[in-house]
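The block underneath contains the structure these notes are about, expressed in structure tokens.
Number of protein chains: 2
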Amino acid sequence: MSRITALDTYDVRFPTSRELDGSDAMNPDPDYSAAYVVMRTDQPDMAGYALAFTIGRGNDVQKAAIDALHHHVVGLDVDDVIDDLGGFARRLIGDSQLRWLGPEKGVMHMAIGAVINAAWDLAARMAGKPVWRFIAEMTPEQLVATIDFRYLTDALTPGEALTMLHAAVPGKLRRISQLLAEGYPAYTTSPGWLGYSDEKMQRLAREAVSAGFRTIKLKVGMNIEDDVRRCRLARKTVGPDIAIAVDANQRWDVPDAISWLRHLAGVQLAWVEEPTSPDDILGHAAIRRAVTPVPISTGEHTHNRVMFKQLFQANAVDLVQIDAARVGGVNENLAILLLAAKYGVRVFPHAGGVGLCELVQHLAMADFVAISGKKDDRAIEFVDHLHQHFVDPVIVSNGCYIAPDAPGFSAQMHTHSVERYRYPEGPAWHEPADMARAS
Amino acid sequence: MSRITALDTYDVRFPTSRELDGSDAMNPDPDYSAAYVVMRTDQPDMAGYALAFTIGRGNDVQKAAIDALHHHVVGLDVDDVIDDLGGFARRLIGDSQLRWLGPEKGVMHMAIGAVINAAWDLAARMAGKPVWRFIAEMTPEQLVATIDFRYLTDALTPGEALTMLHAAVPGKLRRISQLLAEGYPAYTTSPGWLGYSDEKMQRLAREAVSAGFRTIKLKVGMNIEDDVRRCRLARKTVGPDIAIAVDANQRWDVPDAISWLRHLAGVQLAWVEEPTSPDDILGHAAIRRAVTPVPISTGEHTHNRVMFKQLFQANAVDLVQIDAARVGGVNENLAILLLAAKYGVRVFPHAGGVGLCELVQHLAMADFVAISGKKDDRAIEFVDHLHQHFVDPVIVSNGCYIAPDAPGFSAQMHTHSVERYRYPEGPAWHEPADMARAS
Chain A
7 MSRITALDTY DVRFPTSREL DGSDAMNPDP DYSAAYVVMR TDQPDMAGYA LAFTIGRGND
67 VQKAAIDALH HHVVGLDVDD VIDDLGGFAR RLIGDSQLRW LGPEKGVMHM AIGAVINAAW
127 DLAARMAGKP VWRFIAEMTP EQLVATIDFR YLTDALTPGE ALTMLHAAVP GKLRRISQLL
187 AEGYPAYTTS PGWLGYSDEK MQRLAREAVS AGFRTIKLKV GMNIEDDVRR CRLARKTVGP
247 DIAIAVDANQ RWDVPDAISW LRHLAGVQLA WVEEPTSPDD ILGHAAIRRA VTPVPISTGE
307 HTHNRVMFKQ LFQANAVDLV QIDAARVGGV NENLAILLLA AKYGVRVFPH AGGVGLCELV
367 QHLAMADFVA ISGKKDDRAI EFVDHLHQHF VDPVIVSNGC YIAPDAPGFS AQMHTHSVER
427 YRYPEGPAWH EPADMARAS
Chain B
7 MSRITALDTY DVRFPTSREL DGSDAMNPDP DYSAAYVVMR TDQPDMAGYA LAFTIGRGND
67 VQKAAIDALH HHVVGLDVDD VIDDLGGFAR RLIGDSQLRW LGPEKGVMHM AIGAVINAAW
127 DLAARMAGKP VWRFIAEMTP EQLVATIDFR YLTDALTPGE ALTMLHAAVP GKLRRISQLL
187 AEGYPAYTTS PGWLGYSDEK MQRLAREAVS AGFRTIKLKV GMNIEDDVRR CRLARKTVGP
247 DIAIAVDANQ RWDVPDAISW LRHLAGVQLA WVEEPTSPDD ILGHAAIRRA VTPVPISTGE
307 HTHNRVMFKQ LFQANAVDLV QIDAARVGGV NENLAILLLA AKYGVRVFPH AGGVGLCELV
367 QHLAMADFVA ISGKKDDRAI EFVDHLHQHF VDPVIVSNGC YIAPDAPGFS AQMHTHSVER
427 YRYPEGPAWH EPADMARAS
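Heads up: the sequence lines are chains A and B, in that order. Sequential numbering of the first sequence, starting at 7, is according to this note's numbering. Sequential numbering of the second sequence, starting at 7, is according to this note's numbering.
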């Protein structure tokens with residue numbers, strides 16, 4: 007019998023703001039950061055790794071929230087956790103006193119999500135499988151048992167979910183082979199950060215197309231003339247066959263979004279992401295009606311399954327981003343993927359941040375194999391930085407994520423990276439900017 | 007010139023779970039708690055006081071979130087803050103890195119709300135007025151300048167808000183006199199906690215009616231037979247002229263809420279509060295349509311103005327609770343009160359918690375004087391415990407809140423209370439249960 011002996015947390019921050027990587031209309035100077043969690047067991051070589059992603063200030067608050075879950079985790083029998091990942095998640099989310107701090111949103115929910123993801127990492131490692139395969143090889147009954155259907159049953163019942171999952175069983179082995187052979191489509195935001203010059207954007211866009219990407223994304227929302235110019239330049243640069251998406255990062259009110267998007271109508275857009283507040287379900291629906299057929303999207307800040315449910319019920323979106331570190335862990339993302347499949351909404355996972363590519367690829371691949379059965383009408387975001395800090399970094403080749411083979415959730419960081427970027431005491435925060443960048 | 011010299015925070019918890027005060031279907035054992043904040047200035051006798059309310063575990067996370075705002079506050083010129091409470095709030099809410107932790111929801115937003123409320127307390131103290139009067143005596147232009155209309159302009163523009171406020175100006179002096187003479191209606195939840203026996207509930211209900219309350223509220227949602235029995239008993243006890251509301255504290259899925267409320271149809275209900283997830287705007291609308299004319303309500307967990315806006319746009323509620331410590335401070339509650347007035351939705355402020363009665367009375371009274379002009383079709387929740395810990399506790403007489411006269415927001419706690427109930431080091435947490443209760 008093995009026990010969980012510690013829930014260690016680390017405030018890890020990367021000084022990305024120094025190069026304007028990740029800059030957009032609402033986030034001018036992010037320092038990509040992780041409240042990194044290690045769920046240790048009494049076996050020295052067996053632990054669960056995960057993280058909550060933040061963009062700098064407040065990463066200490068996020069760490070404190072994970073620390074507040076210590077008493078729910080330390081001392082548990084490892085088998086009790088990994089054999090009932092649904093029960094484990096429900097006990098964390100159901101803590102009646104902590105629930106007041108959300109419920110199921112913001113700092114506390116992200117903390118709970120990180121701990122749940124660490125448990126999935128541990129479970130997959132003990133099974134010797136990457137998380138995508140660990141999920142994909144569950145029976146429909148096992149998978150449904152991990153999901154909390156509270157507040158969902160007017161849109162999706164456990165019985166409906168079972169029926170959907172059973173219908174996907176026959177093609178599973180074929181799709182696993184297909185995934186291993188082809189990978190999963192990626193798209194890239196690397197050319198599109200607002201802080202970049204036109205020249206840098208064009209160069210990176212050309213490089214993206216050469217590297218095999220079929221979709222690129224540009225940040226918009228600071229200045230309408232700039233946006234129109236940059237979108238036209240990008241279209242000229244990549245030609246008519248590459249999809250161009252834009253991301254406003256919640257910059258607009260509903261009327262502003264409608265008028266701004268009418269200005270952008272000349273550029274054929276693959277989707278418009280986060281046109282307004284992520285909480286504004288009816289606002290997204292109104293924007294979508296007004297600018298049809300421009301596809302509307304949101305999700306990286308959508309805080310739980312109840313919000314996704316309503317986006318679908320209100321016909322507010324054409325596609326959604328999911329985020330591996332925003333909601334209540336794998337379990338809640340499985341609920342969201344099932345809802346998306348039921349409502350026929352495509353999923354383009356969000357991954358602009360440290361460790362998010364590593365985590366979310368598993369969810370997209372599990373969705374393809376076991377839930378929606380689709381991958382070629384969708385893509386996972388890819389941003390090519392900070393992967394060197396991970397023990398099992400993502401591999402993107404010819405515009406596709408290669409299915410990971412190593413056991414777990416790919417979120418384990420190198421010990422030397424954690425030590426070097428710990429905030430505020432890590433050496434990277436105490437040396438000249440150019441040295442911190444170079445390492 | 008005076009400066010803000012410190013933002014001190016305290017983790018204060020009261021062992022209310024020992025008597026099941028505050029117990030409901032989702033919160034079986036709350037320890038009413040405050041992440042208490044004191045915004046100190048270089049004048050020893052002048053500070054701003056406020057709190058974020060929690061129900062126990064996680065109060066330390068809430069305190070850490072307030073501490074993370076230190077750099078936005080300490081060192082500021084007091085006049086710059088109190089002369090531009092809108093700008094002060096926008097800078098806190100607009101911190102692009104902290105914004106990732108919400109945006110505008112959960113732990114971080116409640117922390118920001120507490121700091122904003124401390125600034126209003128400070129401003130009102132320096133003006134020598136209680137906060138309700140400080141707001142009520144602002145010009146329409148001054149009041150509108152405190153509000154962030156971002157994400158609201160499809161429902162309410164600054165111009166519309168100005169028109170509404172100007173229309174309310176002529177009656178202000180009369181309404182101030184009326185408020186001072188009559189007080190503001192209160193309702194009581196004291197009889198209705200789920201942990202109470204039928205006998206205790208009936209005794210407290212009789213006492214509530216004798217004390218002048220015209221509305222009582224019962225918690226429901228654990229067991230339908232119990233709920234029907236308790237509601238009928240309560241109706242028999244108080245007679246046909248006293249309003250009875252029920253509160254399910256988010257217990258139900260949408261289909262459950264509809265079937266449960268059909269069982270309760272025999273009892274004439276003043277409202278049904280929190281039938282389902284506070285995030286489920288479309289769910290509330292569906293429940294309301296299905297059980298019409300039973301009035302539906304939510305709000306104590308509604309995390310910001312964007313969610314309230316949609317509740318109104320979707321015709322999802324007949325009335326709302328507002329909470330002084332959930333959203334982004336006075337400024338955001340003013341936006342919510344203006345939206346409620348525009349959409350003709352009655353407001354019954356939430357106050358079940360420590361310090362919430364003290365704070366929210368000011369918002370309701372300001373609404374009556376300066377915004378909606380109404381008070382006799384609404385009421386503020388009143389729970390009669392823990393008031394002894396406040397320097398200017400609420401006074402409720404003959405079923406009405408008496409308008410406070412002391413300068414500020416009424417949230418300052420006695421120093422000896424803070425010291426005694428600080429967690430975990432305060433003496434109340436280290437002595438036998440009966441002694442901690444008695445004090």
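Beta carbons are placed, not taken as given, at the ideal position from N, Cα and C, and that holds for glycine.
Cβ-based burial, D85(B) [other Cβ within 10 Å; buried from 16]: By the Cβ neighbour-count rule, D85(B) is exposed, with fewer than 16 other Cβ atoms within 10 Å of its own.
Proximal residues, the region 280-308 of chain B versus chain A, C-beta separation under 8 angstroms: T282, S283, P284, D285, D286, I287, L288, G289, A292, H307
One or two residues paired with D411(A) in a DSSP bridge: The partner list for D411(A) (beta bridge, DSSP) is empty, contrary to what the question assumes.
I13(A), DSSP secondary structure in three states: In the sequence under discussion, the amino acid at residue 13(A) is Leu, which differs from the Ile named in the question. Note: L13(A) maps to strand in three-state DSSP.
Through-space distance from A161(A) to K348(A), alpha-carbon basis: 9 angstroms
Boundaries of the alpha helix (DSSP H) in which Y427(B) is found, first to last residue: 421-427
Three-state class that DSSP yields for G54(B) in the structure shown: strand
Simplified DSSP assignment, three categories, for V323(B): coil
Spatially closest choice to Y193(A) from F396(A), A417(A), I386(A), P410(A), by CA coordinates: I386(A)
Residues of its chain near E231(A), where Cβ-Cβ distance is below 8 angstroms and the 5 sequence neighbours each way are ignored: none
Residue closest to T243(A), alpha-carbon to alpha-carbon, out of V260(A), E213(A), G272(A), I264(A): Considering only alpha carbons, the answer is E213(A).
Option in L128(B), W106(B), I61(B) with minimal Cα separation from D90(B): Considering only alpha carbons, the answer is L128(B).
Proximity test, Cβ basis, 7 angstroms: T15(A) and chain B: no
7 angstroms Cβ cut-off: residues of chain A touching P36(B): Within chain A, the residues near P36(B) are Q103.
Chain-ordered neighbours of N310(A) on chain B, where CB pairs are closer than 9 angstroms: Here the neighbours are S283, D285.
Contact list for the region 104-115 of chain B against chain A, Cβ threshold 8 angstroms: L104, R105, W106, L107, G108, P109, E110, K111, G112, V113, M114, H115
Assigned exposure category for S265(B) - 16 Cβ within 10 Å defines buried: Flag for S265(B) reads exposed.
Three CB pairs or more closer than 8 angstroms across the region 399-419 of chain A and the region 364-380 of chain A: yes
Unbroken beta strand (DSSP E) run spanning E387(B), endpoints: It spans 386-388 - the beta strand (DSSP E) in which E387(B) sits, taken as one unbroken run.
Residue closest to R236(B), alpha-carbon to alpha-carbon, out of T221(B), E205(B), Q256(B), R220(B): E205(B)
A322(A) versus D286(A), V333(A), P355(A), residue with shortest Cα-Cα distance: Residue D286(A) is the option with its Cα nearest to A322(A).
Cross-chain neighbours of V67(A) in chain B, by beta carbon under 9 angstroms: V67, A70, A71, D73, A74, L104, L107, V113, M114, A117
Proximity to D259(A) [Cα-Cα], best of K315(B), V87(B), S29(B), W106(B): That would be K315(B), whose Cα lies nearest to the Cα of D259(A).
Delimiting residues of the beta strand (DSSP E) encompassing S303(A): 302-304
Close-in-space but distant-in-sequence residues of the same chain around P284(A) (CB under 7 angstroms, 5 per side omitted): Q256, T304, H307, T308
Cβ of M313(B) within 7 angstroms of any chain A Cβ: Taking Cβ atoms only, chain A reaches closer than 7 angstroms to M313(B), which makes this a yes.
Meets three-Cβ-pair contact criterion under 8 angstroms: the region 67-86 of chain B and the region 58-77 of chain A: yes
Between the CA atoms of L267(B) and P261(B) - distance to the nearest angstrom: 10 angstroms
Unbroken alpha helix (DSSP H) run spanning L98(B), endpoints: Residue range 91-99 is occupied by the alpha helix (DSSP H) that includes L98(B).
With 16 other Cβ atoms within 10 Å as the buried cut-off, status of V175(A): So V175(A) counts as exposed.
Minimum Cβ-Cβ distance from T22(B) to chain A less than 7 angstroms: No, no contact with chain A.
Sheet register partners of I446(B) (DSSP bridge): A query on residue 446(B) cannot be resolved here, the shown segment of chain B reaching from 7 to 445 and no further.
From L179(B), A173(B), E147(B), residue whose alpha carbon lies closest to that of P164(B): E147(B)
Minimum Cβ-Cβ distance from N123(B) to chain A less than 7 angstroms: no
Expected contact under 8 angstroms - CB spacing of V326(B) and L340(B) to nearest Å: Their Cβ separation, rounded to whole angstroms, is 14 angstroms, which puts V326(B) and L340(B) out of contact at 8 angstroms.
Beta-carbon spacing of V278(B), I248(B) below 7 angstroms: no
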